[in-house]
Amino acid sequence: MILVTGGAGFIGANFVLDWLADCDEPIVNLDKLTYAGNLENLAALQGEARHVFVKGDICDRALLERLMAKHKPRAIVHFAAESHVDRSIHGPSDFIRTNIEGTFMLLEVARAYWNSLDENAKTDFRFLHVSTDEVYGSLEPNAVPFAESKAYEPNSPYSASKAASDHLIRAWHHTYGLPVVTTNCSNNYGAYQFPEKLIPLVIANAMAGKPLPIYGDGQNVRDWLYVTDHCAAIRTVLAQGRPGETYNVGGWNEKTNLDVVNTLCEILDELSPSSLGSYKRLITYVKDRPGHDKRYAIDARKLEQELGWKPAETFETGIHKTVAWYLDNQPWVDNVLSGAYREWETLNYGLRR
Ligand code: NAD
Ligand code: TYD
């Protein structure tokens, strides 16, 4: 049994689905079901005895203790977080609470549980912390990609909260010996991503005939990683990663935001043409994000060379699959975009006009 936190969110749900398709080991999935958590992502697991879903908060110590005592997991894979930079700018407090205090609580409960194990189980136990490349800060155009040795320079409330959680993870290994591993990955894309992030937002807006908002000049660069490649990397690090180590996960796919949006429009023009002409007509430049990091790029050679992981998808194959998934799953998009999302849209994009 493994304990997954945040397994109803974008990456967590992909991880749970892939894990249960791949092996027999059961999962207990703890998720608070915030706006970003969605049980529809896990609909394929209805009636699946190997998936135990628990609605709850990682800040709830008593709940965590009960779950550890009951399920005796051999590992924790920690995805649960507030994950959207723009939301962290409008309201950082949930980020401090979940990403920092929640990780602290999980570490404390994991440490007590780990100390209660026999020596073999102690050696085998893993706490895998899923983090981001944004902790490293912003790169100049010609600077080398982030290696694991890069100093932390987080710039947004989101990345600062993730950096703080990474430091806690490191300290719990260094001080208490808890067998932790951390992965720092680049921007994920793929099925089940909430359409507040660039790629699914652009697909959903294009389908609705709405503007495709580009922050600033569209020249900010991100490295894109297909979500199932990320899930495979996490499984590799869980199985083979050395306790106390960090591993960068990236797709070797640096793109400007404008390139990404143009590519999405071209694929949509091919798969779902509009009678009004190319979707590029909807591209709209809007006010930039405050403190907008210019460039992220990941050097994933440590993971490749030490543990043999490589991404299976290129950006071209992954982005085609992603667009096709959103076009095939319009009811999923309609459901997540109803209700509270409308208020966020007004808050974030209303202010940029
Ligand atoms: P997401 O926002 O889609 O999902 C987060 C999940 O965590 C949701 O299901 C939510 O309900 C749950 N959650 C939030 N607060 C909780 C709490 N207090 N207790 C229990 N559950 C809670 O995020 P994601 O994109 O799937 O990201 C997963 C992890 O990967 C995060 O730690 C994020 O920082 C990291 N990451 C994401 C990306 C990316 O591109 N999406 C890139 C790098 C790192
Ligand atoms: P996002 O998907 O929010 O991920 P992150 O901020 O974690 O990298 O944004 C990806 C890039 O796209 C980022 O440079 C901001 C930009 N962006 C836009 O230009 N328009 C938008 O509407 C959004 C949501 C993002």
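Taking numbering that gives the first Met the number 0, the leading residue of the sequence shown gets 0, the next gets one more, and so forth. Yeah, the Cβ is synthetic: ideal placement off N, Cα and C, and Gly gets one too.
Which first and last residues belong to the beta strand (DSSP E) in which Lys254 is found?
Run containing Lys254: 253 to 255, per the beta strand (DSSP E) assignment.
If you count every other CB in all the chains shown that lies within 10 Å of the CB of Ser115, and 16 or more means buried, which is it?
Around the beta carbon of Ser115, a 10 Å sphere encloses fewer than 16 other beta carbons of the protein chains shown; the residue is thus reported as exposed.
Return yes when the Cβ of Leu41 is within less than 8 Å of the Cβ of His77, no when it is not.
Between His77 and Leu41, the C-beta spacing is not below 8 Å.
Any contact between the region 255 to 269 and the region 99 to 117? By contact I mean 3 or more CB pairs, one from each, below 8 Å.
Under the three-pair Cβ rule at 8 Å, the region 255 to 269 does not count as touching the region 99 to 117.
Is Gln192 buried or exposed, if buried means 16 or more other CB atoms sit within 10 Å of its CB?
Gln192 is buried by the Cβ-count criterion.
By how many angstroms is the C-alpha of Pro210 removed from the C-alpha of Leu281?
Here the alpha carbons of Pro210 and Leu281 stand approximately 5 Å from one another.
Alpha carbon to alpha carbon, how far is Lys366 from Asp327?
A query on residue 366 cannot be resolved here, the shown segment of the chain reaching from 0 to 352 and no further.
For Cys184, write down the residues that DSSP places opposite it in a beta bridge.
Partner residues in the beta bridge of Cys184, as assigned by DSSP, are Thr131, Val248.
Using only the heavy atoms of ligand 2, determine whether one of them is closer than 7 Å to the beta carbon of Lys286.
No, ligand 2 has no heavy atom inside 7 Å of this Cβ.
Inside the region 91 to 153 only - beta strand (DSSP E) runs reaching at least 3 residues
Counting only runs of 3 or more, we get 125 to 131.
Should the region 311 to 328 be regarded as contacting the region 234 to 247, the criterion being three or more beta carbon pairs within less than 8 Å?
Segments in contact, no.
Asn204 burial status per 10 Å Cβ neighbour count (16 or more: buried):
By the beta-carbon neighbour count (other beta carbons within 10 angstroms, threshold 16), Asn204 is buried.
Thinking C-alpha only, which one of Val15, Ala159, Gly317 is nearest Tyr188?
Measuring C-alpha to C-alpha distances from Tyr188 to each of Val15, Ala159, Gly317 identifies Gly317 as the nearest.
Going by the C-beta, is Arg221 closer than 7 Å to any heavy atom of ligand 2?
Remark: the shortest separation between the CB of Arg221 and any heavy atom of ligand 2 falls under 7 Å.
Taking the straight line between their C-alpha atoms, what separation do you get for Ala299 and Ala7?
Rounded to whole angstroms, Ala299 to Ala7 spans 27 Å at the Cα level.
For Gly215 and Asp287, what's the separation of their Cα atoms in angstroms?
If I take the Cα positions, the gap works out to 4 Å.
The region 78 to 88 contacting the region 140 to 157, beta-carbon criterion three pairs below 8 Å:
Yes: at least three Cβ pairs fall under 8 Å.
Thinking C-alpha only, which one of Val108, Tyr295, Cys230, Gln329 is nearest Val143?
When each option's Cα is compared against that of Val143, the closest is Tyr295.
Alpha carbon to alpha carbon, how far is Arg341 from Val285?
About 18 Å.
Cβ separation of Glu133 and Lys161, assumed to be a contact under 8 Å, to the nearest whole Å
Approximately 7 Å separates the beta-carbon atoms of Glu133 and Lys161; this is inside 8 Å, confirming the contact.
Please confirm whether any heavy atom of ligand 2 lies closer than 7 Å to the CB of Leu197.
Yes, ligand 2 has a heavy atom inside 7 Å of this Cβ.
In whole angstroms, what separates the C-alpha of His291 from that of His50?
Going by the C-alpha atoms only, they are around 39 Å apart.
Looking at the unbroken alpha helix (DSSP H) that takes in Tyr340, where does it start and where does it end?
Tyr340 -> alpha helix (DSSP H) spans 339 to 349.
Could you give the first and the last residue of the continuous beta strand (DSSP E) run that contains Tyr225?
In the DSSP assignment, Tyr225 falls within the beta strand (DSSP E) that extends over 220 to 225.
Leaving out five residues before and five after Gly5 in sequence, what residues of the same chain have Cβ atoms less than 6 Å from its Cβ?
The residues are Gly11, Asp30, Phe78, Ala79.
Anyone know if the C-beta pair for Lys54 and Met0 falls short of 8 Å?
Not in contact: Lys54 and Met0 (Cβ atoms no closer than 8 Å).
Quick check on this structure: which residue in Gln329, His166, Leu263, Ala232 has the alpha carbon closest to the alpha carbon of Gly249?
Selected option, being the one with the closest Cα: Ala232.
Within the present structure, is the beta-carbon of Tyr191 separated from the nearest heavy atom of ligand 2 by less than 7 Å?
Not under cutoff, so the answer is no.
In whole angstroms, what is the alpha-carbon distance linking Ala43 and Asp17?
Each residue's alpha carbon lies about 11 Å from the other.
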